[in-house]
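Numbering (the numbering used here), first residue to last: 3 to 129.
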């Protein structure tokens, strides 16, 4: 399975190859790739949901959903939620191009939306 930055490129290239094959099967021209072969029509349809571009992140989305429900319930009960992030740390590891930074940025945006982080800025460090 492909995911993250390198996966997006591989998927885009595979879609372009399929479009060339379809064009050839219809007798519509040469084998050269064209700019329109790379248009990402699906991204336009899903541009409102940044998670839709990420693959194999269901467990992360589920965690954030559960955390959101917990935060809303705690607030409804009048409990402080500001201390939640003081106990929460996350280290993400994996090969280059697998979507670690993008997932972290999406998580940061969601945690900010929930009021658990003062900003959506995520610091990605290597090493």
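C-beta: ideal position from N, C-alpha, C; glycine also.
| Under 9 Å between C-beta atoms of residue 40 and residue 62 | Sequence index remark: in the chain shown, residue 40 carries index 38 (1-based). Sequence index remark: in the chain shown, residue 62 carries index 60 (1-based). Contact: no.
| request: Select from 72, 77 and 52 the residue whose C-alpha is nearest the C-alpha of residue 109. | output: Taking the chain shown and counting its residues from 1, one reaches residue 109 at position 107. Comparing Cα positions, the closest option is 52.
| said: Only counting the same chain, and skipping five residues up and downstream in sequence, which positions put a Cβ closer than 6 Å to that of residue 103? | reply: In the chain shown, residue 103 corresponds to position 101, counting from 1. Cβ neighbours of residue 103 within its own chain (closer than 6 Å, five residues either side excluded): 126.
| message | Which runs of the alpha helix (DSSP H) at least 4 residues long sit entirely within the segment 10 to 67? Give them in chain order. | response | Listed in chain order, they are 43 to 47.
| Assigned secondary structure, residue 112 (DSSP; H/G/I helix, E/B strand, else coil) | Walking along the chain shown from the start, residue 112 turns up at place 110. In the structure shown, residue 112 sits in a helix (DSSP, three-state: H, G or I).
| query | Does the pairing of the segment 108 to 122 with the segment 67 to 82 give three or more beta-carbon distances under 8 Å? | reply | Because the criterion of three Cβ pairs below 8 Å is met, the segment 108 to 122 and the segment 67 to 82 touch.
| request: For residue 101, count neighbouring Cβ atoms within 10 angstroms of its own Cβ and tell me buried if that reaches 16, exposed if not. | output: Taking the chain shown and counting its residues from 1, the one referred to as residue 101 is at position 99. Flag for residue 101 reads buried.
| request: Tell whether a beta-carbon distance below 9 Å holds between residue 84 and residue 118. | output: For the purposes of this step, residue 84 is taken as the residue at position 82 of the chain shown. For the purposes of this step, residue 118 is taken as the residue at position 116 of the chain shown. Taking 9 Å as the Cβ cut-off, residue 84 and residue 118 qualify as a contacting pair.
| field | Same chain, Cβ closer than 7 Å to residue 77, five either side skipped, listed in chain order | value | To locate residue 77, count along the chain shown from 1; it is residue 75. Excluding positions up to five away in sequence, the list reads 83.
| said: Using only the alpha-carbon positions, how far apart do residue 58 and residue 106 sit? | reply: The residue you call residue 58 lines up with position 56 of the chain shown. The residue you call residue 106 lines up with position 104 of the chain shown. So the alpha carbons of these two residues sit roughly 14 Å apart.
| query | Under 9 Å, do residue 22 and residue 36 count as touching if we go by C-beta distance? | reply | By 1-based counting over the chain shown, the position of residue 22 is 20. By 1-based counting over the chain shown, the position of residue 36 is 34. Yes, they are a contact pair.
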